[in-house]
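By our numbering, the letter at position 185 of the sequence shown is numbered 237, and the numbering carries on one by one without gaps.
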Amino acid sequence: MPTSNKDYGFTFNGHHSSDFGLKVMSDKAVTLPAKNKVTVQLPYANGLIDLSDIYGNNSYGERTMTVSCRLYTGRLDYMATQNMYHVITDWLMGTKGKTKLIDDADPYRFYLAEVEAAPTITEGSVYSTIAVVFQCYPFLFHPNEYNELWDTFDLINGVMQPTEYDISGSESIVLVNTGEAQINLICDASSDFRLNIDGVICPISAGMTDNMDVQLQPGENHIKVTGNGTLKLDWTEEVI
Numbered sequence: 053m054p055t056s057n058k059d060y061g062f063t064f065n066g067h068h069s070s071d072f073g074l075k076v077m078s079d080k081a082v083t084l085p086a087k088n089k090v091t092v093q094l095p096y097a098n099g100l101i102d103l104s105d106i107y108g109n110n111s112y113g114e115r116t117m118t119v120s121c122r123l124y125t126g127r128l129d130y131m132a133t134q135n136m137y138h139v140i141t142d143w144l145m146g147t148k149g150k151t152k153l154i155d156d157a158d159p160y161r162f163y164l165a166e167v168e169a170a171p172t173i174t175e176g177s178v179y180s181t182i183a184v185v186f187q188c189y190p191f192l193f194h195p196n197e198y199n200e201l202w203d204t205f206d207l208i209n210g211v212m213q214p215t216e217y218d219i220s221g222s223e224s225i226v227l228v229n230t231g232e233a234q235i236n237l238i239c240d241a242s243s244d245f246r247l248n249i250d251g252v253i254c255p256i257s258a259g260m261t262d263n264m265d266v267q268l269q270p271g272e273n274h275i276k277v278t279g280n281g282t283l284k285l286d287w288t289e290e291v292i
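Right, here's the structure in full:
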């Protein structure tokens, strides 16, 4: 884990929490996402029919992260204290939709999060406490799952696999998505290629390709690449 002179905290909306003098307290709470269940009760039938995975994968509701931050206000007058509250609130609530949230405790993954409810401020004579609830996309994003940097490699769930190929004619490769969701495969190709991903044909033009047509399913993905040139592959996994 990288070292820093900053106090433990989080990075959000272009700033680290310590930029505002906030000290994150130890009572952080994270709720994991619950499965979305779609069930049907058929007349005269026992139990329910579960349609939740009708499209092949489970879907999940959002998760939350709740943090309490301590702010030293002992030497500030009333107006300066109120102004600091406004600055911090504007920072936390100033995003348009969800944006990247990085917890210092897990710096190689990130959330997509938004502060929807106004932070709760509890004033004290020396310290004030600001409670913040981040509403987050269900999955954590892990962009470095497949690289060869030991500092970022997941020794428990990670899979060491090449991501750059020199293709002459055709080649069969296997890519492993260790996450729980299907994800876009980003291709950087020196020339045109054709990918056959488990029977799904995906033409790839020279240059960078990032679209919904080229996807990796959770688990092993068997890909036959046809063409000539260099193909670099990139992706960001989504994990619970």
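Every residue, glycine too, gets a C-beta built ideally from N, C-alpha and C. All of these numbers come straight from a predicted model, not from anything done at the bench.
{"Check": "Less than 8 Å between the beta carbons of Ile235 and Trp287, yes or no?", "Outcome": "yes"}
{"Check": "Excluding the 5 residues flanking Ala169 on each side, which residues of the same chain have their C-beta closer than 6 Å to its C-beta?", "Outcome": "Val185"}
{"Check": "Return the chain-ordered ranges of every alpha helix (DSSP H) run that is complete within the stretch 116-151 and spans a minimum of 4 residues.", "Outcome": "130-145"}
{"Check": "Can you give the beta carbon distance from Asn273 to Asp250, rounded, assuming they're within the 8 Å contact cut?", "Outcome": "6 Å"}
{"Check": "Return the CA-CA distance between Arg122 and Asn109, expressed in angstroms with no decimal places.", "Outcome": "41 Å"}
{"Check": "Give a yes or no on whether the C-beta atoms belonging to Tyr163 and Leu192 are separated by under 8 Å.", "Outcome": "yes"}
{"Check": "Roughly how far, in whole angstroms, is the beta-carbon of Lys277 from the beta-carbon of Leu283, given that I think they are within contact range, below 8 Å?", "Outcome": "Looking at the sequence itself, residue 277 is Val, so the reference to Lys does not match. With 8 Å as the limit, Val277 and Leu283 qualify as a contact, their Cβ atoms being about 6 Å apart."}
{"Check": "Please state whether DSSP places Ser257 in a helix, a strand or coil.", "Outcome": "coil"}
{"Check": "Would you tell me roughly how many angstroms separate the C-alpha atoms of Asp105 and Ser111, rounded to the nearest one?", "Outcome": "7 Å"}
{"Check": "Does the distance from the CB of Glu166 to the CB of Lys152 come in under 8 Å?", "Outcome": "no"}
{"Check": "Quick one: what does DSSP say Asp250 is sitting in, helix, strand or coil?", "Outcome": "coil"}
{"Check": "How would you write the range of the beta strand (DSSP E) that Val184 sits in, first residue to last?", "Outcome": "Tyr179 to Cys188"}
{"Check": "Assign Pro190 to buried or exposed, taking buried as 16 or more other Cβ atoms, counted over all protein chains shown, within 10 Å of its Cβ.", "Outcome": "buried"}
{"Check": "How should Asp155 be labelled, buried or exposed, when 16 other C-beta atoms within 10 angstroms of its C-beta is the threshold for buried?", "Outcome": "buried"}
{"Check": "Using the three-state DSSP reduction, which class does Asp79 fall into: helix, strand or coil?", "Outcome": "coil"}
{"Check": "For the pair the stretch 113-127 and the stretch 75-82, tell me if three or more CB-CB distances fall below 8 Å.", "Outcome": "yes"}
{"Check": "Less than 7 Å between C-beta atoms, sequence neighbours within five positions excluded: which residues of the same chain meet that for Thr63?", "Outcome": "Ile154"}
{"Check": "In the DSSP assignment, find the beta strand (DSSP E) that holds Ala241 and state where it starts and stops.", "Outcome": "Ile238 to Ala241"}
{"Check": "Determine the closest residue to Thr230 out of Pro255, Val291 and Ala258, with distance taken between C-alpha atoms.", "Outcome": "Val291"}
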